[in-house]
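Have a look at the structure below, then the notes.
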Amino acid sequence: MRSLRSFTLGYLIAFGITANAEVTPPWTKGELKRIRSLWLQDLPKPAEAANNSFIGNAAAEELGQKLFFDKRLSRFGDTACVTCHEPEKNFSRTAMFDVALHGPRRVPTLVGSAWSSFFFWDGRKDSLWSQTIGPLLTQGEHGLTAKTLKTALLLNYRENLRQVFGDNAVHSLEKDRSGRLAAVAAGKALSAYVATLKPSPSAFDRYIATVFSGSEKPDDFPACAEVGLRIFIHDGMCINCHNGPLLTNDSFHNTGVPSMNVTDKPIGRARGVVLMEQDPWRCSEDFLSIDPVKPRCKHVQYVSKKGLGLVGAFKVPTLRGVKQIGPYMHNGAFKSLREVVRHYRDAREGPTGMTELLPLSLIESDEAALVCFLETL
Amino acid sequence: MSTPKAISHPFQELKLKLLAQPLPKDLHTAKSNSGQWVSVSYSPVTEDGEVPLATLHSWKLEITPITGRNAAVTDVAVGGDMPRHKHGLTTEPQIKRVSESGYTVQGLKFHMPGWWRVMVCVKLTEGQECVPFDLLL
């Protein structure tokens, strides 16, 4: 069967059009359906809203924003969430972070994270609010304990806490000697703030709008990006995992990413599901004195917890803003998008001896087109 | 210009064989005469009645022992995989009986586009049968 790429090339030659021209074959009905499914404007409400009733609460968002930038919420007064999640770098950072017992890990972007169900590269947290507690209470990051977090919150944010959670909640938080409720309050507020970090429409979204309106294509979506989009939804098979408005299926896959060093353990989701069940702030735990709405946790209720497919599987990240957030993969194995594309082209088995990938028949111009498309996201 | 890399690993050869399987033509949502024991139909519980991609949702099942068979349904199990990829659902669906012949399957999530095969396995007082349903997402 003739490949789509050779068809495209034939079309371009037949009509005397070069690769730099702005005309490519019209999209078929099936292709349009796929492209439409990637449009940011169809983003549903955040998944986190099912776990945190303070999503969309202005006072909680304001408190969460203050906490996010506050270095007093750290053992030595030198670390805030913003230390690693830098706004000017799409709430990520380029430097790698060495996580004890896990190895080097790239700092994921927080933009769009409230639409996710599981957090960290192995999904060991099952809500965004619970995820935010993790770094606060980890040595080598914020380095607090639940008790010192409680002290810092009450010392600096007592009135904010009252405003968001009410007098009774603050009273319960004060009486709780373990500090667990203080961690829940901090997590719920931080999560409310992070949920406001929604991706902005990209050149790709503007392009989709023109596809469906028939208006002129945007200048920032070049012809090479259109060719790259075809590869993305066809021969490249990228859309298999990078689908939906955030370009992620919110799942876990083993793509054979090489380990960076001996500490870089390729266990991934297989350990994540175990840690998730042991987490003291897991979704199924009720903290009704802080959040009176019982979390639904449906995503946890049905999740698969066993099978070889979990070994070496890491979370599929959003591709929104991907140009800004290298190095790439969970452990920063690749410095550039071109290197990432070549890894997918070759489909080598990684440190587990397996990969879900199939080798791709991409030539250099395909790789360049794919990168060109990714840079518009 | 680079050329595609040679495929050297047995896993890759296996995967290419899987990928070469032809897509199914029978996409019916009701199968009344494919097996010996039961007829089964499904309908997604979604706003548009379509099976959604990468979204947790439910199905309604109707399971009826074939006329003339003196057997009652005692257990139902549902699983799904992608025949071309050899991996399956990332969820473990749960089944509840809601009427004499009606069941709900909760916790289905098809996280990749492509060919999915959902198996509805029914155990009866006499015999058992698995009914396959193919979907193209």
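Top line first, the protein sequences correspond to chains A and E.
At position 306 of the first sequence (counting the first as 1) the number is 306 in this note's numbering, and the numbers step up by one without a gap.
At position 129 of the second sequence (counting the first as 1) the number is 1129 in this note's numbering, and the numbers step up by one without a gap.
Virtual Cβ for every residue (Gly too), placed ideally from N, Cα, C.
Straight-line Cα distance separating residue j from residue i
| i | j | result |
| --- | --- | --- |
| A:Asn20 | A:Thr28 | Residue placement at A:Asn20 is flagged as unreliable, the pLDDT there being 43, under the threshold of 50; a coordinate-derived value is accordingly withheld. |
| A:Thr210 | A:Leu319 | 21 Å |
| A:Cys372 | E:Thr1055 | 29 Å |
| A:Arg296 | A:Glu285 | 11 Å |
| A:Ala368 | A:Arg338 | 7 Å |
| A:Ala347 | A:Leu358 | 6 Å |
| A:Phe54 | A:Gln65 | 13 Å |
| A:Lys294 | A:Leu288 | 7 Å |
| E:Gly1107 | E:Pro1044 | 12 Å |
| A:Lys89 | E:Ala1077 | 47 Å |
| E:Phe1133 | E:Thr1029 | 7 Å |
| A:Ser200 | A:Val340 | 24 Å |
| A:Glu22 | A:Ala203 | For A:Glu22, the predicted structure reports a pLDDT of 46, less than 50, and the residue's modelled location is therefore unreliable. The matter cannot be settled from this model. |
| A:Phe165 | A:Asp291 | 8 Å |
| A:Ser213 | A:Ile233 | 21 Å |
| A:Asn156 | E:Leu1053 | 45 Å |
| E:Arg1084 | E:Leu1135 | 12 Å |
| A:Pro25 | E:Met1119 | 39 Å |
| E:Lys1109 | E:Lys1025 | 22 Å |
| A:Leu98 | A:Ser172 | One detail in the question is off: residue 98 of chain A reads as Asp in this sequence, not Leu. The alpha-carbon atoms of A:Asp98 and A:Ser172 are separated by roughly 36 Å. |
is_contact[residue i, chain A] using C-beta, thresh 8 Å
| i | result |
| --- | --- |
| E:Gly1107 | yes |
| E:Leu1135 | no |
| E:Thr1125 | no |
| E:Gln1094 | yes |
| E:Lys1031 | no |
| E:His1057 | no |
| E:Gly1114 | yes |
| E:Leu1016 | yes |
| E:Thr1090 | yes |
| E:Trp1071 | It should be noted that the sequence gives Ala, not Trp, for residue 1071 of chain E. Output row for E:Ala1071: interface = no. |
| E:Leu1019 | yes |
| E:Leu1053 | yes |
Proximity of residue i and residue j at Cβ, strictly below 8 Å
| i | j | result |
| --- | --- | --- |
| E:Glu1062 | E:Gly1102 | yes |
| A:Gly143 | A:Ser74 | yes |
| A:Lys125 | A:Asp279 | yes |
| A:Phe91 | A:Leu63 | no |
| A:Arg34 | A:Ile208 | no |
| A:Gly112 | A:Leu246 | yes |
| A:Thr352 | A:Asn254 | yes |
| A:Asp235 | A:Ser361 | yes |
| A:Ala313 | A:Gly244 | no |
| E:His1111 | E:Thr1090 | yes |
| A:Ala80 | A:Val194 | no |
| A:Ala186 | A:Leu136 | yes |
Run of the beta strand (DSSP E) containing residue i, from where it starts to where it stops
| i | result |
| --- | --- |
| E:Gly1107 | 1102-1108 |
| E:Ile1063 | 1057-1065 |
| E:Pro1044 | 1038-1045 |
| E:Ser1077 | The amino acid at residue 1077 of chain E is misidentified as Ser; the sequence shows Ala. Start and end: 1073-1082. |
| E:Ile1095 | 1094-1097 |
| A:Phe118 | That residue, A:Phe118, is in no beta strand (DSSP E); it is neither H nor E in DSSP. |
| A:Gly103 | 103-105 |
| E:Arg1117 | 1115-1124 |
Residue-level contact to chain E via CB, residue i, 8 Å cutoff
| i | result |
| --- | --- |
| A:Gln41 | no |
| A:Asn249 | yes |
| A:Ile239 | yes |
| A:Gln391 | Nothing about residue 391 of chain A can be read from this structure; chain A reaches only from 1 to 377. |
| A:Leu358 | yes |
| A:Ser113 | no |
| A:Asn52 | no |
| A:Lys243 | Residue identity differs from the one stated: residue 243 of chain A is Asn in this sequence, not Lys. Chain E, which has a Cβ nearer than 8 Å to the Cβ of A:Asn243, makes this yes. |
| A:Ser37 | yes |
| A:Lys298 | yes |
| A:Ser289 | no |
| A:Tyr157 | no |
| A:Gly309 | yes |
| A:Ser130 | no |
| A:Ser304 | yes |
Alpha helix (DSSP H) segment containing residue i, residue limits
| i | result |
| --- | --- |
| A:Ile231 | 223-233 |
| A:Gly134 | 128-136 |
| A:Met276 | 269-278 |
| E:Gln1128 | Per DSSP, E:Gln1128 belongs to no alpha helix (DSSP H); it is in the beta strand (DSSP E), 1128-1136. |
| A:Val82 | 81-84 |
| A:Val371 | 364-374 |
Cβ-heavy atom distance, residue i to the ligand PLP, below 7 Å
| i | result |
| --- | --- |
| A:His299 | The ligand PLP is not part of this structure, which contains no ligands at all. |
Contact between the region 52-69 of chain A and the region 236-243 of chain A is defined here as three or more beta-carbon pairs at a separation below 8 Å; is this criterion met?
With the cut-off at 8 Å, the region 52-69 of chain A and the region 236-243 of chain A do not touch.
So, do the region 218-236 of chain A and the region 158-167 of chain A have three or more beta carbon pairs nearer to each other than 8 Å?
No, because fewer than three Cβ pairs between the region 218-236 of chain A and the region 158-167 of chain A fall closer than 8 Å, the two stretches do not touch.
Touch test, the region 1090-1102 of chain E against the region 1026-1041 of chain E, Cβ-Cβ under 8 Å, three pairs minimum:
Verdict: no, contact absent.
Tell me, please, whether the region 1116-1134 of chain E touches the region 1071-1090 of chain E by the rule of three or more beta-carbon pairs shorter than 8 Å.
Yes, the region 1116-1134 of chain E is in contact with the region 1071-1090 of chain E.
Okay, do the region 173-190 of chain A and the region 142-156 of chain A touch, 3+ Cβ pairs below 8 Å being the bar?
Between the region 173-190 of chain A and the region 142-156 of chain A, the count of Cβ pairs shorter than 8 Å is three or higher; the stretches touch.
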